[in-house]
Amino acid sequence: MTLPNGTDLTWPVTAAIRALSMDAVEKANSGHPGAPMGMAEMAAVLWRGHLKHSPANPHWANRDRFILSNGHGSMLIYSLLHLTGYDLPMSEIRNFRQLHSRTPGHPENGVTPGVETTTGPLGQGLANAVGFAIAEKTLAAQFNRPGHTIVDHRTWVFVGDGCLMEGISHEACSLAGTIGLPKLTVLYDDNGISIDGKVEEWFGDDTPGRFEAYGWHVIRNVDGHNPTAIDAAINAAIAETTKPTLICCKTVIGKGAPKKGGTEGAHGTPLGAGEIEAVREAMNWHHAPFEIPADVYAAWDGRQKGSAFESDWNAAFEAYTAAYPDLAAEFLRRMAGDLPAGFADFAAAQLAEIQAKTDVIATRKASQNALNIIAPKLPEFLGGSADLTHSNLTNYKGATPITRDPAGDTVLYGVREFGMTAIAIGMALHGGFLPFVATFLVFSDYARNAVRMSALTHSRLVHVYTHDSIGLGEDGPTHQPVEHTESLRLIPNLDVWRPADPAETFAAWVSGVSRARGPTALALSRQGLPVQPRTPEQLAAISKGGYVLVEPATKPQVVLIGTGSELKLAVEAAAALAGEGIAARVVSMPSTDVFDRQDRAYQDSVIPSDIPAVAVEAGCTRGWYKYVGRTGAVVGIDRFGESAPEKALFELFQITAKHVVEAAKSVI
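Every number in the numbering used here is 403 more than the matching position in the sequence shown, counting from 1.
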């Protein structure tokens, strides 16, 4: 079959996808053959007829972004990458789901060339795609100029029934329809099957109607195994200029498998040798496992076409550079993820100025002050809050919502914590932006799996969480985080900061925007906190995550470790102990994650193993025993809070300087 644009889709083209997918799953004795086999025609039409990409350069700036949201069907994207000429040899296809292979069980960015984001938790790839599309639209508005279009690409997403059942799909797609993202196209693999069988028993939504209500362009009832119909639907999506598009493709899971096709048996288990042989016979595919004929490789090879795409863009960018040299240099800097020249020196100077101020302010306010300082230097900021902007204080001077100006720098997410966080991952991975998102710390639970995914994808973004303890007071235990800071510290590759005053807050922001491969979470107070005096050396040491803030005149008998709003309690307790002749060192620990990355010698110099220690934090105590040991003590809270003013709560839960003093005496 040949499409109107001349793309050849004769049977070996789609058969190659089905063969590679079922063979790799069979060899691994693990995986999901049904989705790749059912989406073969959808993939072939898109990748061979419409996708603008360059296999030789997976990071080409103006490539289309393709996201396989139903990531369990990973052999689909691995087959496509291999066949079109990416650096994914057959040895890696054979090594599917094996240790250290470039073909892990679910797609992972940074592992497989051509994979844009890590998918598998259903619905999140779709939300990432909304972020990719927002990034494209906003970047185009910021950089394109009349006669010079350097940002012009599309975002394509494959989703399954499971993706659209997940609540995150509602959050992300509602926002996408409201904003209007015409270069976002979602192809829905509507096969009606999931692990438990036919989804009609539990998923009876009018999905096309739902998306139309969101403001999407919807194309219904497309035969997902008819390349001509799929091609026509994609062309209609491209022609739409104001709305994102959902293409509903009716498919058969495990297409071609005579017994398991169309059933849950094709979803998540190998087909078996007999069924595979029957599929080969039905497809007239008489080749050994992992054998692809030369003519099929030739038909799929996208390197020449991709090189032409890239060459044309390079010429256009050369002309753009001649016309707008400063903009071109800024575009390259931002897409590379580099900070502006001199940013580190600028930040150091600002930190010294901030330390000189003595105002008692909440760290959420200190964060807003930091944004007002940093934002003019970082036009790549693309921030937003889940309808709590004026509580999180993530609004800064000149911040402009993209709904009011496409070249703006702020997204009004509405009450969508999970969707917001996953969308921001897409923005970060797209390139050109440094997103931050915000909500109350207690509501990080709503977003938690996306927070985890931000760490797994090595996304450079900042999670701003305010109202960080029982210190928020009267709103009560539903809004008072207790376990949340410690819970976030458990996520690998997530740097959690709980700063104690403006200097530490600014240093935390600088650390967050400077991280090249990972997210940062800031836990910020609602209540005002005093400024702690520091020497220039102590200011510099904040960046190490933990440092000595108060050193007694004589050898310390106890180390008091404080963080966030409780650092002041450690300082007050040290003074009280000094009055009783007990020498206490105070350690400020704004980030245990960063402190743990320091060398052992530095860690031991701050918290010596031969001196008893006490930690104080208005949160769960468990994690602090890593630093105080079995013979140390922790002053904290291991139960839910109460509704009352802040001061009454700290007294009730015995998180006071007096109780820190008592704990110190108990361990000496």
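All residues carry an ideal CB built from backbone N, CA and C; glycine is no exception.
**Message:** Taking the beta carbon of Val763 as the centre, do at least 16 other beta carbons fall within 10 Å, making it buried, or is it exposed?
**Reply:** Indexing the sequence shown from 1 puts residue 763 at position 360. Exposed, by the Cβ-count rule.
**Request:** Would you mind reading off the limits of the alpha helix (DSSP H) that contains Tyr700?
**Result:** Here residue 700 corresponds to residue number 297 of the sequence shown, with the count starting at 1. Its alpha helix (DSSP H) spans residues 697 to 703.
**Asked** DSSP three-state call for Asp729: helix, strand or coil?
**Response** Against the sequence shown, residue 729 aligns to sequence position 326. Note: Asp729 maps to helix in three-state DSSP.
**Prompt:** Nearest CA to the CA of Gly570: which residue from Ile873, Gly822, Gln1006?
**Reply:** Residue 570 sits at position 167 when you count from the first residue of the sequence shown. Of Ile873, Gly822, Gln1006, the residue nearest in Cα terms is Gly822.
**Request:** Report the three-state DSSP secondary structure of Val885 (helix, strand or coil).
**Result:** Here residue 885 refers to the residue found at position 482 of the sequence shown. Correct three-state label for Val885: coil.
**Asked** What beta strand (DSSP E) runs, 3 residues minimum, are completely inside the region 814 to 851?
**Response** For the region 814 to 851, the full-length beta strand (DSSP E) segments reaching 3 residues or more read 837 to 843 along the chain.
**Request:** For Ala1072, write down the residues that DSSP places opposite it in a beta bridge.
**Result:** Nothing can be reported for residue 1072: it is not among the residues displayed for the chain, which extend from 404 to 1071.
**Asked** What are the start and end residues of each continuous alpha helix (DSSP H) run of 4 or more residues lying completely inside the region 544 to 583, in chain order?
**Response** Assignment of alpha helix (DSSP H) within the region 544 to 583, counting only whole runs of 4 or more residues, yields 564 to 568, 570 to 582 in chain order.
**Request:** In the DSSP assignment, find the beta strand (DSSP E) that holds Ser991 and state where it starts and stops.
**Result:** In the sequence shown, the residue the question calls residue 991 occupies position 588. 987 to 991 is the extent of the beta strand (DSSP E) around Ser991.
**Asked** Whose CA, out of Leu781, Gly534, Val934, lies closest to the CA of Gly740?
**Response** Translated into the one-based positions of the sequence shown, residue 740 becomes position 337. Nearest option by C-alpha distance: Leu781.
**Message:** Taking CB distances under 8 Å as the criterion, tell me whether Gly1039 reaches chain B.
**Reply:** You won't find chain B in this structure, because it holds only one protein chain.
**Request:** Compute the beta-carbon to beta-carbon distance between Met425 and Ile656, rounded to the nearest angstrom, for a pair I have assumed lies under 8 Å.
**Result:** Here residue 425 is taken as the residue at index 22 of the sequence shown, counted from 1. Here residue 656 is taken as the residue at index 253 of the sequence shown, counted from 1. Cβ-Cβ separation between Met425 and Ile656: approximately 13 Å, too far for a contact (criterion under 8 Å).
**Item:** Reference Leu486; option with closest CA among Asn512, Phe469, Ala447
**Value:** Translated into positions along the sequence shown, residue 486 becomes position 83. With distances taken between CA atoms, Leu486 lies nearest to Ala447 out of Asn512, Phe469, Ala447.
**Message:** Suppose you measure from the CA of Phe836 to the CA of Gly664; what does that come to, to the nearest Å?
**Reply:** Counted from its first residue, the sequence shown places residue 836 at position 433. Counted from its first residue, the sequence shown places residue 664 at position 261. So the two alpha carbons sit approximately 43 Å from each other.
**Prompt:** Residues bridged to Cys652 by DSSP?
**Reply:** Residue 652 sits at position 249 when you count from the first residue of the sequence shown. BP columns for Cys652 point to Asp592, Val625.
**Asked** Could you give the residue range of the alpha helix (DSSP H) that holds Thr995?
**Response** Looking up residue 995 in the sequence shown gives position 592. It spans 995 to 999 - the alpha helix (DSSP H) in which Thr995 sits, taken as one unbroken run.
**Prompt:** Using CA coordinates, which residue listed in Pro510, Ser504, Asp490 is at the minimum distance from Met856?
**Reply:** The residue labelled residue 856 in the question sits at position 453 within the sequence shown. Comparing alpha-carbon positions, the option among Pro510, Ser504, Asp490 lying closest to Met856 turns out to be Pro510.
**Request:** Going by CA-CA distance only, name the one from Ala660, Ala669, Pro692, Ala750 that's closest to Val682.
**Result:** Position 279 of the sequence shown holds residue 682. Comparing Cα positions, the closest option is Ala660.
**Request:** Can you tell me which of the three DSSP states Leu587 falls into?
**Result:** Translated into the one-based positions of the sequence shown, residue 587 becomes position 184. DSSP places Leu587 in the strand class (E or B) of the three-state scheme.
**Message:** Quick check: the Cα distance between Gln545 and Glu604, rounded to an integer number of angstroms?
**Reply:** Taking the first residue of the sequence shown as 1, we reach residue 545 at position 142. Taking the first residue of the sequence shown as 1, we reach residue 604 at position 201. Gln545 and Glu604 have their C-alpha atoms spaced approximately 47 Å apart.
**Asked** If you compare alpha carbons, which of Thr966, Ala986, Arg1025, Val1017 is closest to His998?
**Response** Start at 1 with the first residue of the sequence shown, and residue 998 comes out as number 595. One detail in the question is off: residue 998 reads as Phe in this sequence, not His. Selected option, being the one with the closest Cα: Thr966.
**Prompt:** Using DSSP with H/G/I as helix, E/B as strand and the rest coil, what is Asp898?
**Reply:** Indexing the sequence shown from 1 puts residue 898 at position 495. In the three-state scheme derived from DSSP, where H, G and I count as helix and E and B as strand, Asp898 is classed as strand.
**Prompt:** Using 8 Å as the Cβ pair cut-off and three pairs as the minimum, do the region 477 to 494 and the region 579 to 588 touch?
**Reply:** By the Cβ rule, the region 477 to 494 does not count as touching the region 579 to 588, because fewer than three pairs are nearer than 8 Å.
**Item:** Whether Pro838 touches Ala827 by CB criterion (8 Å)
**Value:** Taking the first residue of the sequence shown as 1, we reach residue 838 at position 435. Taking the first residue of the sequence shown as 1, we reach residue 827 at position 424. Yes, Cβ-Cβ distance for Pro838 and Ala827 is below 8 Å.
**Asked** Since Ala956 and Leu963 are thought to touch, with beta carbons under 8 Å apart, how far apart are those beta carbons, to the nearest angstrom?
**Response** By 1-based counting over the sequence shown, the position of residue 956 is 553. By 1-based counting over the sequence shown, the position of residue 963 is 560. Going by Cβ atoms, the distance from Ala956 to Leu963 rounds to 16 Å, so no, they are not a contact pair.
**Request:** Could you check the C-alpha separation between Gln960 and Ala1021 for me, to the nearest Å?
**Result:** As a position in the sequence shown, residue 960 is number 557, starting the count at 1. As a position in the sequence shown, residue 1021 is number 618, starting the count at 1. The alpha-carbon atoms of Gln960 and Ala1021 are separated by roughly 24 Å.
**Request:** Pull up the distance between the alpha-carbon of Ala850 and that of Val840, whole angstroms please.
**Result:** Start at 1 with the first residue of the sequence shown, and residue 850 comes out as number 447. Start at 1 with the first residue of the sequence shown, and residue 840 comes out as number 437. Take the alpha-carbon of Ala850 and the one of Val840: they are about 11 Å apart.
**Item:** Run of the beta strand (DSSP E) containing Val867, from where it starts to where it stops
**Value:** Stepping through the sequence shown from its first residue, residue 867 is reached at position 464. For Val867, the enclosing beta strand (DSSP E) begins and ends at 865 to 869.
**Prompt:** Which two residues bound the contiguous alpha helix (DSSP H) that contains Tyr1030?
**Reply:** For the purposes of this step, residue 1030 is taken as the residue at position 627 of the sequence shown. Tyr1030 -> alpha helix (DSSP H) spans 1028 to 1031.
**Prompt:** Does the distance from the C-beta atom of Leu587 to that of Ala536 stay below 8 Å?
**Reply:** The count along the sequence shown starts at 1 and reaches residue 587 at position 184. The count along the sequence shown starts at 1 and reaches residue 536 at position 133. The beta carbons of Leu587 and Ala536 sit closer together than 8 Å.
**Item:** Distance, Gln935 Cα to Ile757 Cα
**Value:** In the sequence shown, residue 757 corresponds to position 354, counting from 1. In the sequence shown, residue 935 corresponds to position 532, counting from 1. Approximately 11 Å, taken between the alpha carbons.
**Local conformation of Ala418 per DSSP, three classes** = Working through the sequence shown from its first residue, we reach residue 418 at position 15. Of the three classes helix, strand and coil, the one that applies to Ala418 here is helix, per DSSP.
**Asked** Just reading off the beta strand (DSSP E) that Leu396 is part of, what are its end residues?
**Response** Since the first residue of the chain shown is 404 and the last is 1071, residue 396 is not available in this structure.
**Request:** Within 10 angstroms of the Cβ of Ser472, are there 16 or more other Cβ atoms? Answer buried if so, exposed if not.
**Result:** Within the sequence shown, numbered from 1, the residue matching residue 472 stands at position 69. Label assigned to Ser472: buried.
**Asked** What residue from Ser788, Ala640, Glu783 has the CA that sits closest to Gln771's CA?
**Response** Locating residue 771 in the sequence shown gives position 368, counting from the first residue. Selected option, being the one with the closest Cα: Ser788.
**Request:** Could you tell me if Glu574 is buried or exposed, where buried requires 16 or more neighbouring beta carbons within 10 angstroms of its beta carbon?
**Result:** Looking up residue 574 in the sequence shown gives position 171. Counting the other CB atoms within 10 Å of its CB gives Glu574 a total of 16 or more, which places it among the buried residues.
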